[in-house]
Amino acid sequence: MRRQRSLVWAAIAIAVSAMCVAALTELWHPGIGGGGRSLAVVLRMVTYCIGAVGVIFTGTACMRLDRVVTSIARQFPADPSAGGDVSDMKEPLRLRHTIDAHLRDRDERINRLEAGLKGLRIQAQLSERRERHTEAIIYSLRDAVLVTDESGRLLMANEPAAHLFGFAAQGLCRRPLAEVVGPEHRDFVELLHRSRQSGVEATRREMVFAGPDGPHTFDTIVSCVLDAGKVSGVVAVLHDITREKEISQMKNDFVSHVSHELKTPLASITAYSEMLADGEADDEETREEFYTIIQTQAQRLNRLIEDILNVSRIESGLIKVHKEPVSLTILIEQQMQMIKGFAEEKNITVTGQKPIVFDQVYADKDMISQVIVNLLSNAVKYTPAGGSVRIETHVNEADGLARVTVTDTGVGIPADEVEHVFDKFYRVAANNKQAKGTGLGLNLVKQIVEKVHDGRVFVTSQVGVGSTFGFELPLATRELVETA
Amino acid sequence: MAGKKVLIADDEVHIIHVVAIKLRNNGYEVICAGNGAEAYDLACREKPDIVVADYQMPFLTGIELIQKLRENEQLRDLPVILLTARSFAISDEQKASLGVEECLSKPFSPRELLKTVEDILYQRAVALKC
């Protein structure tokens, strides 16, 4: 740049010098003389000087323009393909271009890395969130869940699992499962081990574990976690199916009992009908007896079906209830008459009580009659021949309650079974052979008293001494009785 | 087969009644028991030719009665017809192992029961002659 400037100044100096020389030459020329001629020379010299000054200004302006152009050229890299005056700037511009390209490349890589890092951060967050969700699900499950690694070391166990196997859920990470659950659960550890060895995705088995309240059956599902075809862990889920099995067994027992109970009167009806058709009844008296048996057995069948339906209706809330003020004493008298024949067959005495002044309850007469007859017939059924059954009513006006008790001198109920006697289909195992039944009678009593009449049922019993079953109902108000 | 002694064991008084009438009307001697334990005692005492027993009875069930009869040297070969309200209560294997001759489902036909009793006693008689 400095060289160019020097060249420009040199050109200007040569131009000015040339003009001055020209002016002097004009002045000293021998052919020139006189006053008019001198004025012309002066004017010419002035013109030359003005021209020289103009050249100087032009040179200065060129240099300024050059500086501006150079300055702009510095800001913009020169096109290497272009020729001309920028050729001597190619190297630094190329260098600059390379550096800029590197910088751009670096920026792009940084941007890519930042984007990748951001993605990884998001993935890590999602993964962490998923893990927290999984943990929350596992810890909130009522089923026992255990997770082990590929070597059988415990990775995770929720509270039900800790409770089932008797260990503390915290601080067990990476301890061998066999060590954590103890030798009494060897079968379970073995199941997980075999599952891990075989690599089978899921194995299902029913396993029984001892619990504080007796053995519990678990539906155990063991699943292998596969990573690129290799087992990287095992998940065991244990679902307690003890209650489900009990219910299933109860249902089976119920179907079996009901089928037996329904078929027994049906068998009598069928057999006596056939006997009549075959002329096996010789005389009118025998025929009459057969007809009566058919009729009573049909009634028995109907009662049984009604019992089953009533339990179902009460449970589903579909039963029609007709409540009115009814006297318990009157209902008891009526039901005692009904049970009399059955009791006499077994030589059992059934006694009642003296009438009570006010023992009216606001109840469905038919339903409470059924409650009384069920309690009386149960008492007779489970009382050995020669025993006694007593039914009593107590009125507590202060509490507004009427209480009916049926006390027998029967076989009694073992203490651990007393609390279950009102359960549906439940039959006391020890007394099963004593009498037949569906396990519905007492459940019906409970449903009618507690669900339909807001009352309460109760029982006390002693094996070999007898039992007292009873119920309490709210007394009807005198206003209600008068209105009725 | 008239004159043969049949033991009927059932806790349903009407079933005993109807079966007894049917068999007596056809010349059989009938003895009755209201439960399994009573039936076993009666079998030991009376030595019947055949037993008709209910599957579900108090004190001793039909199956338990048969098992006790099979344990008794004198009653081991006593033919038994089982009456059951549960058609699937006894398997063929159980029937064979207990030596139950026939299993009739309730409701049953007294006519069919009589024929079964006659057939079993006839086969036993033929077997004895051979």
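Residue numbers (the working numbering), protein chains in the order written: chain A, 1 to 484; chain B, 485 to 614. Where a beta carbon is used, it is the ideal one built from N, C-alpha and C, also for glycine. On a predicted model such as this, the values are computed, not experimentally measured, just so you know.
Query: Against B/I505, what residues of chain A qualify as contacts under a CB-to-CB distance less than 7 angstroms, listed in chain order?; Result: M275, E280
Query: Secondary structure at A/E397, three-state DSSP: helix, strand or coil?; Result: coil
Query: On the DSSP letters alone, give me the boundaries of the alpha helix (DSSP H) that A/L266 sits inside.; Result: 242-277
Query: Do A/L117 and A/L154 come within 7 angstroms of each other at the CB atom, strictly closer than that value?; Result: no
Query: Exposed or buried, which one is A/E472 when buried takes at least 16 other CB atoms within 10 Å?; Result: buried
Query: Using the C-alpha atoms, what's the distance from A/V326 back to A/Q360?; Result: 5 angstroms
Query: Along the stretch 539-571 of chain B, where does the CB come closer than 9 angstroms to a CB of chain A? Name the residues.; Result: Y539, Q540, M541, P542, F543, L544, T545, L567, T568, A569, R570, S571
Query: Counting only runs of 3+ residues fully inside the stretch 515-560 of chain B, write out the beta strand (DSSP E) ranges in chain order.; Result: 534-538
Query: If contact is defined by three or more beta carbon pairs under 8 angstroms, each pair taking one atom from either stretch, is the stretch 414-425 of chain A in contact with the stretch 455-473 of chain A?; Result: yes
Query: Note down, in chain order, every chain B residue with its Cβ under 9 angstroms from the Cβ of A/I293.; Result: H498, H501, V502
Query: According to the Cβ coordinates, are A/T351 and A/R390 closer than 7 angstroms?; Result: yes
Query: Could you confirm whether any beta carbon from chain B is found closer than 7 angstroms to the beta carbon of A/K568?; Result: Residue 568 of chain A is absent from the model: chain A starts at 1 and stops at 484.
Query: Taking just the CA atoms, how far does A/V208 sit from A/H185?; Result: 10 angstroms
Query: Examine chain A for any beta-carbon lying closer than 7 angstroms to the beta-carbon of B/S593, and answer yes or no.; Result: yes
Query: Smallest Cα separation from A/S223: which of A/K245, A/S195, A/I247, A/Y291?; Result: A/S195
Query: Assuming A/V145 and A/V237 are in contact, meaning their beta carbons sit under 8 angstroms apart, how far apart are those beta carbons, in whole angstroms?; Result: 5 angstroms
Query: May I ask you to list, following chain order, the residues of the stretch 576-591 of chain B that have a beta carbon less than 9 angstroms from some beta carbon of chain A?; Result: S589, K590, P591
Query: Taking three-plus beta-carbon pairs below 8 angstroms as touching, is the stretch 523-534 of chain B in contact with the stretch 497-507 of chain B?; Result: no
Query: Just verifying my parser: in three-state terms, what is the DSSP assignment at A/K323?; Result: strand
Query: Which of helix, strand or coil does DSSP assign to A/G214?; Result: strand
Query: Within this structure, are the beta carbons of A/D282 and A/K323 separated by less than 7 angstroms?; Result: no
Query: Can you tell me whether B/C587 is buried or exposed, with buried defined as 16 or more other CB within 10 angstroms of its CB?; Result: buried
Query: Let me see if you follow: with CB-CB separation under 7 angstroms, is B/N510 close to chain A or not?; Result: no
Query: Going along chain B in order, which residues have a C-beta closer than 8 angstroms to the C-beta of A/A435?; Result: P542
Query: Which whole-angstrom value is the C-beta distance of B/L566 and B/I574, which I expect to be below 8 angstroms?; Result: 7 angstroms
Query: Counting only C-beta atoms, is A/L126 closer than 7 angstroms to chain B at any point?; Result: no
Query: Suppose you measure from the CA of A/H163 to the CA of A/F425; what does that come to, to the nearest Å?; Result: 31 angstroms
Query: In chain order, which continuous runs of the beta strand (DSSP E) of length 3 or greater are located wholly inside the stretch 371-431 of chain A?; Result: 388-396, 401-408
Query: A/E204 to A/S127, Cα distance in whole Å?; Result: Position check: residue 204 of chain A holds Arg in this sequence, whereas Glu was assumed. In a straight line, the C-alpha of A/R204 is about 29 angstroms away from that of A/S127.
Query: May I ask which residues mark the beginning and end of the alpha helix (DSSP H) holding B/L569?; Result: Rather than Leu, the amino acid found at residue 569 of chain B in this sequence is Ala. Where B/A569 is concerned, there is no enclosing alpha helix (DSSP H), given that its DSSP letter is neither H nor E.
Query: With distances taken from CA atoms, which of B/G487, B/D494, B/A493, B/A521 is nearest B/Y512?; Result: B/G487
Query: Report the CB separation of B/G494 from B/D533 in whole angstroms; it is logged as a contact under 8 angstroms.; Result: Per the sequence shown, residue 494 of chain B should be read as Asp rather than Gly. So it is not a contact: roughly 18 angstroms between Cβ atoms.
Query: Taking the alpha carbon of A/I413 as the point to measure from, which residue in A/T460, A/D278, A/V395 has its own alpha carbon closest?; Result: A/T460
Query: Comparing C-alpha positions only, which one of A/R313, A/L309, A/G386 sits nearest to A/A343?; Result: A/G386
Query: For A/G464 and chain B, any beta-carbon pair shorter than 7 angstroms?; Result: no
Query: For my contact list, A/V445 and A/V371 are in at a C-beta cut-off of 8 angstroms; report their separation, rounded to the angstrom.; Result: 5 angstroms
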